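**Q**
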Amino acid sequence: MIKCNRQGPVWIFAEQESGKLSDVPLELMSKGRELADKLNVKLTMILLGQGVEDLAKHLAAYGPDEVIYAEHPLLKDYQSTSYAKVLCNLIEKYEPQIVLYGATAIGRDLAPRVASQMRAGLTADCTDLQIGDHEEKDGTVHKKLMYQIRPAFGGNIIATIINYDRWPQMATVREGVMPMPEPIGSNNCKIITEKVHLSPEDLALKILEKHRQEKKVNLKAARIIVSGGAGVGSRENFKLIWELANSLGAAVGASRAAVDLGFCDKDHQVGQTGTTVRPALYIAIGISGAVQHRAGMQESAKIVAINNDPEAPIFQIAHYGIVGDLNDVVPKMIKAVRERV
Amino acid sequence: MGYNCVVLTKQVPDTKAVTAKAMKDDGTVNRAALPAIFNPEDLHALEEALMIKDQYGGTVTVITMGPPNACNILRDAYERGADRCILVSDRRAAASDTLATSYILSCAVRKVGDFDIVLCGRQAIDGDTAQVGPQAAEKLGIPQITYLEELVSLNNNHIVVRRNVGNGWELVQSKLPVLITVIDSANVPRSPAAKRIMKYKKARAAIEVKKEIAGENNADDPEIAKQIEQKCNELKAKGLLIEHWNLDDIDADLQWCGRDGSPTKVHRIQAVVLKGEGHKQFEPSEDGVRELVHELIEEHTIG
Ligand SMILES: Cc1cc2nc3c(=O)[nH]c(=O)nc-3n(C[C@H](O)[C@H](O)[C@H](O)COP(=O)(O)OP(=O)(O)OC[C@H]3O[C@@H](n4cnc5c(N)ncnc54)[C@H](O)[C@@H]3O)c2cc1C
Ligand SMILES: Cc1cc2nc3c(=O)[nH]c(=O)nc-3n(C[C@H](O)[C@H](O)[C@H](O)COP(=O)(O)OP(=O)(O)OC[C@H]3O[C@@H](n4cnc5c(N)ncnc54)[C@H](O)[C@@H]3O)c2cc1C
Chain E
613 MIKCNRQGPV WIFAEQESGK LSDVPLELMS KGRELADKLN VKLTMILLGQ
663 GVEDLAKHLA AYGPDEVIYA EHPLLKDYQS TSYAKVLCNL IEKYEPQIVL
713 YGATAIGRDL APRVASQMRA GLTADCTDLQ IGDHEEKDGT VHKKLMYQIR
763 PAFGGNIIAT IINYDRWPQM ATVREGVMPM PEPIGSNNCK IITEKVHLSP
813 EDLALKILEK HRQEKKVNLK AARIIVSGGA GVGSRENFKL IWELANSLGA
863 AVGASRAAVD LGFCDKDHQV GQTGTTVRPA LYIAIGISGA VQHRAGMQES
913 AKIVAINNDP EAPIFQIAHY GIVGDLNDVV PKMIKAVRER V
Chain L
17 MGYNCVVLTK QVPDTKAVTA KAMKDDGTVN RAALPAIFNP EDLHALEEAL
67 MIKDQYGGTV TVITMGPPNA CNILRDAYER GADRCILVSD RRAAASDTLA
117 TSYILSCAVR KVGDFDIVLC GRQAIDGDTA QVGPQAAEKL GIPQITYLEE
167 LVSLNNNHIV VRRNVGNGWE LVQSKLPVLI TVIDSANVPR SPAAKRIMKY
217 KKARAAIEVK KEIAGENNAD DPEIAKQIEQ KCNELKAKGL LIEHWNLDDI
267 DADLQWCGRD GSPTKVHRIQ AVVLKGEGHK QFEPSEDGVR ELVHELIEEH
317 TIG
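In order, the protein sequences belong to chains E and L. Residue numbering for the first sequence follows the working numbering, starting at 613 and increasing by one per position. Residue numbering for the second sequence follows the working numbering, starting at 17 and increasing by one per position.
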């Protein structure tokens with residue numbers, strides 16, 4: 613752990629693989645800026661890898677105050693032990709007060725290892741971050757802490773977690789819950805390079821093979837999403853969902869039940885264990901609105917629900933609702949959209 | 017030959033069972049209405065360990081940290097094939113965050129000693145952090161392999177694992193000892209064997225025996241204490257006494273345990289209450305649907 617350094621910067625871990633940045637560090641930019649400004653400290657992005665100088669410049673265009681990057685041949689592939697070692701050394705050197713990671717496969721492997729090594733706190737899978745005060749039972753007040761806001765208990769509660777004594781304050785942040793910014797172009801961002809000392813013993817694993825596939829469906833970028841659930845009944849009938857989506861120029865989403873029943877491929881799943889989306893319009897058809905599904909779509913600007921059960925929880929977060937049989941309503945809707953009433 | 021596996025398992029409230037019935041009128045969750053279950057992914061971690069034992073020999077030790085009634089999942093683990101089950105239970109461990117939990121569990125694993133592979137579920141369905149596995153690995157000073165989907169090979173103290181990283185997979189090799197977190201697509205957990213159920217449903221930790229025999233009475237009463245001791249000895253002789261370790265037994269440094277050992281603190285908890293602000297309802301008729309589409313166009317939601 614490091615001392616509570618009130619001048620310490622706000623850090624964002626800029627996760628990359630094979631020179632490709634993950635989305636979350638960029639999604640974290642505007643929130644990171646807000647936190648840094650409230651604390652009156654610098655916003656810094658931390659980049660590790662091999663041959664990442666160009667990526668550091670690319671990051672600078674998104675408007676952090678600093679990009680610190682560390683290059684080493686042994687950092688080419690992500691591994692928990694080597695990355696944790698380098699990151700812990702940097703944390704000890706710079707004493708950031710906040711370190712943020714994406715709640716990705718890599719972020720959730722790395723951040724707990726770093727937290728354990730630093731004996732610092734770590735809050736998982738946050739959906740929001742704020743600055744605020746905390747009063748202990750004995751009346752001691754801790755000012756300007758990071759509120760780490762996260763769903764837990766299967767999404768049934770929202771907890772606000774703080775860490776006032778064993779810093780840095782660290783959190784992983786769920787993908788897709790914060791908007792993706794545009795680069796703001798040139799600014800006064802300082803790019804700093806750091807020397808790394810690693811030896812082969814620092815690599816605990818040997819990576820024998822690596823396969824990555826781009827998701828075929830890009831739900832996060834879609835402005836409109838038409839999603840079908842178990843109520844659609846069959847893969848055959850799921851054509852209704854595709855047709856409505858086509859007529860609207862929308863992407864197709866699905867509940868986990870629809871995926872598990874084989875109506876639709878897993879890439880389309882929206883929710884806690886699928887993609888988190890925030891489109892301008894989300895149309896939920898034959899979806900009951902379980903908490904794990906809502907977790908992935910409730911930030912949508914407008915929600916339309918079509919369900920034959922007036923008690924379905926989805927109606928409680930919908931802006932517009934139709935209680936009826938989807939087999940009857942959806943064709944009518946396709947027709948109405950095509951005619952552009 | 018053979019490999020010694022230690023499986024970390026957690027008893028959790030069944031958060032999937034949060035249906036309308038488990039909700040209170042004010043919209044909060046009625047936890048008491050939720051059954052306590054074996055954390056789903058931990059069953060897959062246990063199965064992976066049992067498969068290793070079936071193929072290569074060795075032992076399977078199961079540890080859980082929790083209140084005494086977490087013995088329910090230890091009995092379940094025995095019934096499925098575990099060799100040894102240990103309850104780590106201590107009031108001073110209450111309010112542990114993931115850092116303190118992983119520290120305490122790492123002390124317990126060290127006390128078991130001579131382990132080759134530590135297995136965890138990827139994530140528990142209540143705390144939902146997926147942090148305990150990697151943190152326990154760091155505390156034990158061993159490598160971690162997260163998200164195991166398939167154990168590809170195990171020989172000469174090397175393990176090769178296919179891990180699922182969401183947008184793809186990789187094959188990684190590690191030396192032993194190693195800590196592995198297991199996801200639910202890794203295997204299909206076996207059911208408890210009928211013969212083992214008959215035997216192990218009687219397994220108890222001393223603290224349970226005490227409660228069952230003493231009930232509301234004073235357990236220190238010499239007569240009752242004697243009965244308790246007798247029962248425990250009987251169970252022990254049959255290999256049915258679930259070991260119970262407290263923080264002293266595992267040499268845990270109290271400054272890293274419980275509330276004091278936990279850097280994260282809860283500032284506030286809110287139940288997710290559905291907004292229910294009311295939505296605009298349209299008829300399922302041709303006209304109703306037209307009106308809805310019209311409104312979406314008017315407000316420029318669709319173009
Ligand atoms: C609402 C809420 C929010 C919380 N948020 C955080 C947070 O953000 N950060 C934080 O540090 N703590 C947090 N905690 C505390 C945390 O839930 C507990 O420390 C818990 O004991 C372990 O975390 P988990 O349930 O997330 O387990 P996970 O890390 O998800 O569990 C992974 C695996 O570790 C093993 N394991 C976990 N617990 C045990 C155990 N008791 N015995 C044996 N094996 C085990 C199992 O194999 C399990 O599958 C939170 C608690 C609550 C109630
Ligand atoms: C750890 C965990 C993670 C999860 N992650 C996700 C996730 O990422 N995404 C996700 O979606 N779920 C997830 N789930 C599952 C979730 O709990 C629900 O089971 C799932 O969302 C239900 O899908 P559904 O609404 O399609 O099905 P159901 O709940 O079965 O609902 C079907 C709905 O269709 C309606 N219906 C039926 N027939 C018709 C008809 N003819 N016309 C109109 N309406 C009709 C019914 O009234 C009902 O409301 C997760 C669960 C767990 C435990």
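Think of the CB as a built atom: it goes at the ideal place given N, C-alpha and C, for glycine as much as any other residue. No experiment lies behind these values; they were computed from the predicted model shown.
With distances taken from CA atoms, which of 769/E, 811/E, 691/E is nearest residue 819/E?
**A** Selected option, being the one with the closest Cα: 691/E.
**Q** Find the residues of chain E that neighbour residue 88/L, judging by a C-beta separation of less than 9 Å, and give them in chain order.
**A** Result: empty, since nearest Cβ-Cβ is about 20 Å, beyond 9 Å.
**Q** I'd like to confirm something about residue 762/E: is its beta-carbon nearer than 7 Å to some heavy atom of ligand 1, or not?
**A** Residue 762/E Cβ: within cutoff of ligand 1.
**Q** So what does residue 562/E bridge to, in DSSP terms?
**A** Because chain E is modelled from 613 through 953, residue 562/E falls outside the range shown and cannot be assessed.
**Q** Does the beta carbon of residue 60/L sit closer than 8 Å to a beta carbon anywhere in chain E?
**A** It does not; no Cβ of chain E falls within 8 Å.
**Q** Assign residue 48/L to buried or exposed, taking buried as 16 or more other Cβ atoms, counted over all protein chains shown, within 10 Å of its Cβ.
**A** Answer is exposed; the Cβ neighbour count stays below 16.
**Q** How about the segment 120-140 of chain L and the segment 56-70 of chain L: do they share at least three Cβ pairs that are nearer than 8 Å?
**A** Verdict: yes, contact present.
**Q** Given a cut-off of 8 Å, decide if residue 743/E and residue 758/E are closer than it, judged by their beta-carbon atoms.
**A** Going by C-beta atoms, residue 758/E is nearer than 8 Å to residue 743/E.
**Q** Using a C-beta to C-beta distance shorter than 7 Å, which residues of chain L count as neighbours of residue 693/E?
**A** Ordered by position in chain L, the residues that pass the 7 Å Cβ test against residue 693/E are 159.
**Q** If we ignore side chains and look at the alpha-carbon of each, how far apart do residue 663/E and residue 186/L end up?
**A** Using only the alpha carbons, I get a separation of about 22 Å.
**Q** Against chain L, with Cβ distances strictly below 8 Å, would residue 764/E count as a contact?
**A** Closer than 8 Å: yes.
**Q** Kindly indicate if chain E contains any beta-carbon less than 8 Å away from that of residue 146/L.
**A** Judged by the 8 Å Cβ criterion, residue 146/L is in contact with chain E.
**Q** Name, please, each residue of chain E whose Cβ falls closer than 8 Å to the Cβ of residue 304/L.
**A** Near residue 304/L (Cβ distances below 8 Å), the residues of chain E are 934.
**Q** Can you have a look at residue 906/E and say buried or exposed, based on whether 16 or more other CB atoms are within 10 angstroms of its CB?
**A** So residue 906/E ends up on the buried side.
**Q** Just curious, the beta strand (DSSP E) that residue 919/E is in, first and last residue?
**A** First-last of the beta strand (DSSP E) with residue 919/E: 914-919.
**Q** Which word fits residue 778/E, buried or exposed, when buried means at least 16 other C-beta atoms lie within 10 angstroms of its C-beta?
**A** Flag for residue 778/E reads buried.
**Q** Just tell me which of 282/L, 308/L, 313/L has its CA closest to the CA of residue 942/E.
**A** That would be 308/L, whose Cα lies nearest to the Cα of residue 942/E.
**Q** Got a sec? Which residues, its chain only, sit under 6 Å from residue 86/L by beta carbon, not counting five neighbours each side?
**A** Here the set comprises 27, 80.
**Q** Is the closest heavy atom of ligand 1 to the C-beta of residue 61/L under 7 Å?
**A** Yes; taking the cut-off as 7 Å, the Cβ of residue 61/L has a heavy atom of ligand 1 nearer than that.
**Q** Rounded to a whole number of angstroms, what is the C-alpha to C-alpha distance between residue 109/L and residue 116/L?
**A** If you take the alpha carbons of residue 109/L and residue 116/L, they lie about 8 Å apart.
**Q** Please tell me whether, using a cut-off of 7 Å, the distance from the CB of residue 58/L to the nearest non-hydrogen atom of ligand 3 is below it.
**A** Judged by which ligands are present, ligand 3 is missing from the structure shown, whose ligands are ligand 1 and ligand 2.
**Q** Taking C-beta pairs closer than 9 Å, name the residues in chain L that residue 821/E reaches, listed in chain order.
**A** Simply 178, 185, 186, 187, 188.
**Q** Which residue comes first and which comes last in the alpha helix (DSSP H) that contains residue 304/L?
**A** Its alpha helix (DSSP H) spans residues 302-314.
**Q** State the DSSP-derived secondary structure class of residue 257/L, mapped to helix, strand or coil.
**A** Strand.
**Q** Residues bridged to residue 81/L by DSSP?
**A** For residue 81/L, which the question treats as bridged, DSSP gives the partners 104/L.
**Q** Taking 7 Å as the line, does the beta carbon of residue 217/L fall inside it for any heavy atom of ligand 2?
**A** Outside the cutoff, so no.
**Q** Please decide whether residue 298/L counts as near chain E, where near means a Cβ-Cβ distance under 8 Å.
**A** Judged by the 8 Å Cβ criterion, residue 298/L is in contact with chain E.
**Q** Name the chain L residues that come within less than 9 Å of residue 857/E, Cβ to Cβ?
**A** The contacting residues do not exist; residue 857/E stays about 12 Å from chain L at best.
**Q** Please give the ranges of any beta strand (DSSP E) in the segment 722-769 of chain E, keeping only runs that are unbroken, at least 3 residues long and fully inside the region.
**A** The qualifying runs are 734-738, 740-747, 753-764.
**Q** Could you give the residue range of the beta strand (DSSP E) that holds residue 133/L?
**A** Here the beta strand (DSSP E) through residue 133/L covers 133-137.
**Q** Could you tell me if residue 950/E is buried or exposed, where buried requires 16 or more neighbouring beta carbons within 10 angstroms of its beta carbon?
**A** Exposed.
**Q** At the level of alpha carbons, what is the spacing between residue 783/E and residue 732/E?
**A** Approximately 11 Å, taken between the alpha carbons.
**Q** Since residue 775/E meets chain L, which of its residues come closer than 8 Å, beta carbon to beta carbon?
**A** Neighbours of residue 775/E on chain L, chain order: 279, 280, 281.
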